[in-house]
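A.B. asks: Counting from 184, one number per residue, gives the positions in the sequence shown under my numbering.
Note that beta-carbon positions come from the ideal geometry of N, C-alpha and C, so glycine has one too.
To start, I am sharing the structure in question, which I have written as structure tokens.
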Amino acid sequence: MTKLPLENLTVLDLTRVRAGPTCVRQFADWGANCIKIEAPGDADPRGHDPKARIAPDFWNLHRNKRSITLNLKKPEAKEIFFKLVEQADIIVENYRPGVKHRLGIDYDACAAVNPRIIYGSISGFGQSGPYAERPGVDQIAQGMGGLMSITGEPGRGPLRVGVPITDLTAGMYCAMGILIALHEREQTGKGRWVHSSLLEAEIAMLDYQVTRWTITQEVPPQAGNNHPKSCPVGLFPTKDSHVNISGGGDYMFKRLADALDAPQLLDDPKMDSKANRLANRDYTNEQVGKVTSNWTTDDIVETLNGVGVPCGPVYTIDKMLEDPQVQHVGMTWPCDHPEKGAVSVNGNPINLDGVPKGVRNVTPDLGDYNDELLNSLGYDAETVEKYRAEGVI
184 MTKLPLENLT VLDLTRVRAG PTCVRQFADW GANCIKIEAP GDADPRGHDP
234 KARIAPDFWN LHRNKRSITL NLKKPEAKEI FFKLVEQADI IVENYRPGVK
284 HRLGIDYDAC AAVNPRIIYG SISGFGQSGP YAERPGVDQI AQGMGGLMSI
334 TGEPGRGPLR VGVPITDLTA GMYCAMGILI ALHEREQTGK GRWVHSSLLE
384 AEIAMLDYQV TRWTITQEVP PQAGNNHPKS CPVGLFPTKD SHVNISGGGD
434 YMFKRLADAL DAPQLLDDPK MDSKANRLAN RDYTNEQVGK VTSNWTTDDI
484 VETLNGVGVP CGPVYTIDKM LEDPQVQHVG MTWPCDHPEK GAVSVNGNPI
534 NLDGVPKGVR NVTPDLGDYN DELLNSLGYD AETVEKYRAE GVI
């Protein structure tokens, strides 16, 4: 069996909801020994409701992990935790910043036990500052990070993006930071505290929209389906649906007009240059839409791609998964579900040549690996049962 690239790493997963689990999943998918540490009570209903654990969201987030329950408010559980820390490479948590300090499991406490530990933290707004202790969720970070102000159609008010983008990006940025710290550890032998936040991740993902203000003092507006600096780029009607087209440059626009047998697009002075098309965006989109409305989506996609004009359909999720290219790249991973039987989860978009991808272990039940992990730490069966009865695990 092919060795996975992160098999030599042990990750202690203290995370919940989405940003933290997204970070840990990057390591779990590539073979890391990921131990999900959960409270034995009902502190996180998503984790303790049996139905929630096998729902699509939780099932997708927590694959390829093992679960142990620890009540970290009890000294016996804290002792178990620090024994795990001694053997671990990485810890990831996404509590509010003060929680880890109150529990006594912050970076300094863990580094005192294992100086090589890499400690990853994700918060709503940062580990310090005036908003540090505020609760942070994706909806709030999308708004405060500026994303909602540039999303949606002009004049219709701010709009939330259709996925929890700040959770996902904060998780991935934190994973990237941890990998940087791991590389540094190879040279120094010492670990480091790595942290990011939903707010910081969102601002970073705005990319050039931020520098439109910081460099030229231009506040980016909502543009809907339009590209802010190129036209025609956007969504256009077809006989049977819609199609996305990117034909903004002069050469690309000529290709588009020729391929769709629409010379009138080239003859119109309002559309005879990139600058004029941008200045007359609504008019240009209307004229292009009149042309595309005479074509089916499949025909226009084939025709424009055939002449090098970027073009594609707009899928619902089910239709997207039926697309032959999506099936070819293998973005869904099969696994067995306790109620549904054979299902699949959303895969990892990274490809390492010669390295297999997929679900090795389905999402564990709460505390599934308590006995196995505690036995490996030297606790006998009698002690494990005692701790279970006392609510330590």
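(1) Using only alpha-carbon positions, find the residue among 315, 292, 252 that is nearest to residue 281.
(2) Can you name the start and end residues of the beta strand (DSSP E) that residue 376 belongs to?
(3) Is it buried or exposed for residue 502, if we count other Cβ within 10 angstroms and need 16 for buried?
(4) Ignore the nearest five residues each way along the sequence and tell me which others in residue 433's own chain have a CB closer than 8 Å to its CB.
(5) So residue 309 and residue 357 are supposed to be a Cβ contact under 8 Å. How far apart are they, rounded?
(6) Nearest to residue 422 by alpha carbon, out of 477, 402, 446, 379?
(7) For residue 226 and residue 207, I'd like the C-alpha separation in whole angstroms.
(8) On the three-state DSSP scale, how would you describe residue 572?
(9) Locate the beta strand (DSSP E) running through residue 248, then write down its first and last residues.
(10) Let me check one thing: in DSSP terms, what residues is residue 273 bridge-paired to?
(11) Measure the CB-CB distance between residue 557 and residue 221 and report whether it falls below 8 Å.
(12) Need the endpoints of the beta strand (DSSP E) that residue 428 sits in, please.
(13) Let me make sure I understand the geometry here. Which of 195, 189, 417, 484 has the alpha-carbon closest to that of residue 277?
(14) Nearest-angstrom Cα distance between residue 481 and residue 212?
(15) Do the region 372 to 392 and the region 316 to 330 make contact, defined as three or more Cβ pairs closer than 8 Å?
(16) If we call anything under 8 Å between Cβ atoms a contact, is residue 253 one with residue 576?
(17) Taking its Cβ as the centre, do 16 or more other Cβ atoms sit within 10 Å of residue 511, making it buried, or is it exposed?
(18) Rounded to a whole number of angstroms, what is the C-alpha to C-alpha distance between residue 485 and residue 529?
(19) Per DSSP, which residues does residue 519 bridge with? Please list them.
(20) Note down the Cα distance separating residue 401 from residue 393, rounded to an integer number of angstroms.
(21) Is residue 539 near residue 527, with beta carbons less than 8 Å apart?
(22) Identify the continuous alpha helix (DSSP H) that holds residue 502 and give its terminal residues.
(23) Which residues does DSSP list as the beta-bridge partners of residue 218?
(24) Grab me the residues of residue 564's own chain with a C-beta within less than 6 Å of its C-beta, minus the 5 sequence neighbours each way, in chain order.
(25) In the DSSP assignment, the alpha helix (DSSP H) including residue 293 goes from what residue to what residue?
(26) Residues in the same chain with beta-carbon distance under 6 Å from residue 352, minus the five sequence neighbours each way, listed in chain order, please.
(27) Would you mind working out which of 380, 341, 543 sits nearest residue 205, comparing C-alpha positions?
(28) So, is residue 219 buried or exposed, given that buried needs 16 or more other C-beta atoms within 10 angstroms?
(29) Contact check, residue 496 vs residue 250 under 8 Å by CB: the rounded distance?
(30) So what does residue 255 bridge to, in DSSP terms?
(31) Using three-state DSSP, classify residue 420 as helix, strand or coil.
(32) Going along the chain, which residues of its own chain have a beta-carbon closer than 7 Å to the beta-carbon of residue 490, five neighbours each way excluded?
(33) Spatial neighbours of residue 377 within its chain, please: C-beta separation below 8 Å, excluding the five flanking residues on both sides.
(34) For residue 590, which three-state DSSP category applies?
C.D. replies: The relevant details are as follows:
(1) As a first step, residue 281 is located in the sequence shown; it is residue number 98 there, counting from the start. Shortest Cα-Cα distance from residue 281 to any of 315, 292, 252 involves 315.
(2) For the purposes of this step, residue 376 is taken as the residue at position 193 of the sequence shown. It spans 375 to 380 - the beta strand (DSSP E) in which residue 376 sits, taken as one unbroken run.
(3) Working through the sequence shown from its first residue, we reach residue 502 at position 319. Counting Cβ neighbours within 10 Å, residue 502 comes out exposed, since fewer than 16 surround it.
(4) Mapped onto the sequence shown, residue 433 falls at position 250. Within its own chain, the residues whose Cβ lies closer than 8 Å to the Cβ of residue 433, once the five positions on either side in sequence are excluded, are 456, 457, listed in chain order.
(5) The sequence position of residue 309 within the sequence shown is 126, counting from 1. The sequence position of residue 357 within the sequence shown is 174, counting from 1. That belief does not hold up - the Cβ atoms of residue 309 and residue 357 are roughly 13 Å apart, past 8 Å.
(6) Mapped onto the sequence shown, residue 422 falls at position 239. Each of 477, 402, 446, 379 was checked against the Cα of residue 422, and the nearest Cα belongs to 477.
(7) Counting from 1 along the sequence shown, the entry for residue 226 is found at position 43. Counting from 1 along the sequence shown, the entry for residue 207 is found at position 24. Confidence at residue 226 is low in this model, with a pLDDT of 47, below 50, so the placement of that residue is unreliable and no value is reported for it.
(8) Here the question's residue 572 lines up with position 389 in the sequence shown. DSSP places residue 572 in the helix class (H, G or I) of the three-state scheme.
(9) In the sequence shown, counting from the first residue as 1, residue 248 sits at position 65. Going by DSSP, residue 248 is part of the beta strand (DSSP E) stretching over 248 to 252.
(10) The residue given as residue 273 occupies position 90 in the sequence shown. Its beta-bridge partners are 194, 301.
(11) For the purposes of this step, residue 557 is taken as the residue at position 374 of the sequence shown. For the purposes of this step, residue 221 is taken as the residue at position 38 of the sequence shown. Cβ distance not < 8 Å, so residue 557 and residue 221 don't count as in contact.
(12) Residue 428 sits at position 245 when you count from the first residue of the sequence shown. Under the DSSP assignment, residue 428 falls in the beta strand (DSSP E) whose first and last residues are 425 to 429.
(13) On the sequence shown, residue 277 is found 94 positions in, with the first residue counted as 1. Closest by alpha carbon: 195.
(14) Mapped onto the sequence shown, residue 481 falls at position 298. Mapped onto the sequence shown, residue 212 falls at position 29. Near 36 Å, if we compare the C-alpha coordinates of residue 212 and residue 481.
(15) Because the criterion of three Cβ pairs below 8 Å is met, the region 372 to 392 and the region 316 to 330 touch.
(16) The sequence position of residue 253 within the sequence shown is 70, counting from 1. The sequence position of residue 576 within the sequence shown is 393, counting from 1. Using a Cβ distance threshold of 8 Å, residue 253 and residue 576 count as a contacting pair.
(17) As a position in the sequence shown, residue 511 is number 328, starting the count at 1. With fewer than 16 other Cβ atoms within 10 Å, it is exposed.
(18) Taking the first residue of the sequence shown as 1, we reach residue 485 at position 302. Taking the first residue of the sequence shown as 1, we reach residue 529 at position 346. As the crow flies, the alpha-carbon of residue 485 is around 28 Å from that of residue 529.
(19) Here residue 519 refers to the residue found at position 336 when the sequence shown is read from its first residue. Looking at the DSSP assignment, residue 519 forms a beta bridge with 525.
(20) What you label residue 401 is simply residue 218 of the sequence shown in a count that begins at 1. What you label residue 393 is simply residue 210 of the sequence shown in a count that begins at 1. Spanning the two alpha carbons is a distance of roughly 9 Å.
(21) Looking up residue 539 in the sequence shown gives position 356. Looking up residue 527 in the sequence shown gives position 344. No, the Cβ-Cβ distance between residue 539 and residue 527 is not below 8 Å.
(22) Position 319 of the sequence shown, counting from 1, holds the residue named residue 502. Where residue 502 is concerned, the enclosing alpha helix (DSSP H) stretches over 500 to 505.
(23) Numbered from its first residue, the sequence shown carries residue 218 at position 35. Per DSSP, 195, 249.
(24) Taking the sequence shown and counting its residues from 1, the one referred to as residue 564 is at position 381. Hits under 6 Å: none found.
(25) Here the question's residue 293 lines up with position 110 in the sequence shown. First-last of the alpha helix (DSSP H) with residue 293: 290 to 296.
(26) On the sequence shown, position 169 is the one that residue 352 refers to. Sequence-distant partners of residue 352 (beyond 5 residues in either direction) whose C-beta falls short of 6 Å from its own C-beta, in its chain, are 384, 388.
(27) Counting from 1 along the sequence shown, the entry for residue 205 is found at position 22. The shortest Cα separation from residue 205 among 380, 341, 543 belongs to 380.
(28) Here residue 219 corresponds to residue number 36 of the sequence shown, with the count starting at 1. Classification of residue 219: buried, given that the 10 Å Cβ count is 16 or more.
(29) For the purposes of this step, residue 496 is taken as the residue at position 313 of the sequence shown. For the purposes of this step, residue 250 is taken as the residue at position 67 of the sequence shown. Not a contact, Cβ separation roughly 41 Å.
(30) Locating residue 255 in the sequence shown gives position 72, where the first residue counts as 1. None, per the DSSP bridge assignment.
(31) The residue labelled residue 420 in the question sits at position 237 within the sequence shown. In the structure shown, residue 420 sits in a strand (DSSP, three-state: E or B).
(32) In the sequence shown, the residue the question calls residue 490 occupies position 307. So the list reads 438, 442, once near-sequence residues are dropped.
(33) Translated into positions along the sequence shown, residue 377 becomes position 194. Contacts found: 301, 302, 303, 304, 357, 360, 361, 363, 364.
(34) This structure does not reach residue 590, given that the chain is present from 184 up to 576, and the question cannot be answered.
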